[in-house]
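Engineer: The structure is given below, and queries will be raised subsequently.
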Amino acid sequence: MDSVRSGPFGQIFRPDNFVFGKTGAGNNWAKGYYTEGAELLDSVLDVVRREAENCDCLQGFQLAHSLGGGTGSGMGTPLISKIREEYPDRIMNTFSIVPSPKVSDTVVEPYNATLSVHQLVENTDETFCIDNEALYDICFRTLKLTTPTYSDLNHLVCATMSGVTTCLRSPYVGVVSFRVRKQMSYRASLSMQNVSSVFSTS
80 MDSVRSGPFG QIFRPDNFVF GKTGAGNNWA KGYYTEGAEL LDSVLDVVRR EAENCDCLQG
140 FQLAHSLGGG TGSGMGTPLI SKIREEYPDR IMNTFSIVPS PKVSDTVVEP YNATLSVHQL
200 VENTDETFCI DNEALYDICF RTLKLTTPTY SDLNHLVCAT MSGVTTCLRS PYVGVVSFRV
260 RKQMSYRASL SMQNVSSVFS TS
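Numbering-wise (the working numbering), the sequence shown opens with residue 80 and increments by one.
Structure representation (structure tokens):
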């Protein structure tokens, strides 16, 4: 958190919107879901409510998280569920980093992801799965980077997120104009109970 605050974009965020604990979940889904994460959940929801109340036309929520770690998976899934309960008519969109055995050697990452995926299917409208291995592959093969940094990987994720939300920020993209809300309500009218879109950046 200190590196975010002191970084070049630190001034963008309100200081009272930073919510963090003293310990992490230690790559343990149960700690993120039941103990450390659960203790912070109410504080996070208070911040979400305050920001939602300040919006003129709240269209939805975006969550960027990792499915391999304990906090992103264990705390992220109940957070999504609670937001869905309070704002059932708003779009819930996640950018979920999926684990890869070639990138990480943490043996519990597949279990953390498995415990989280079904809740994403139940509580989100769109889930964009981003594979770390695919990000590295893009850096090596397409961008011709020999030693990609986290900044390089984050740039690819930012490009993906920016592209997905273009229609919300700019109502006219080329000659085509569409509204995500209308698209989602149309899908719902076709009696699709769980609308989940899974995309890969590869």
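Even glycine gets a Cβ: it sits at the ideal position worked out from N, Cα and C.
From F99 to D204, what distance separates their C-alpha atoms?
Structural biologist: The alpha-carbon separation between F99 and D204 amounts to approximately 27 Å.
Engineer: Please identify the residue among V243, R163, G86 and G147 whose C-alpha is closest to the C-alpha of A104.
Structural biologist: Per the C-alpha coordinates, the member of V243, R163, G86 and G147 positioned closest to A104 is G147.
Engineer: Indicate the three-state DSSP secondary structure (helix, strand or coil) for D231 in the structure shown.
Structural biologist: helix
Engineer: Based on the DSSP secondary-structure assignment, which residues constitute the bridge partners of G139?
Structural biologist: I170
Engineer: Mark V186 as exposed unless 16 or more other C-beta atoms lie within 10 angstroms of its C-beta, in which case mark it buried.
Structural biologist: exposed
Engineer: Go ahead and pull the three-state DSSP assignment for C208.
Structural biologist: Strand at C208.
Engineer: Can you pull the DSSP bridge partners for H197?
Structural biologist: Paired residue(s): none; H197 is not in a bridge.
Engineer: Tell me the rounded alpha-carbon separation between R93 and E132.
Structural biologist: About 15 Å.
Engineer: Which stretch, first to last residue, makes up the alpha helix (DSSP H) that contains T156?
Structural biologist: It spans G155 to E165 - the alpha helix (DSSP H) in which T156 sits, taken as one unbroken run.
Engineer: By Cβ distance, which residues of its chain are closer than 6 Å to F97, with the 5 residues on each side in sequence left out?
Structural biologist: Within the same chain, F97 has close Cβ partners M80.
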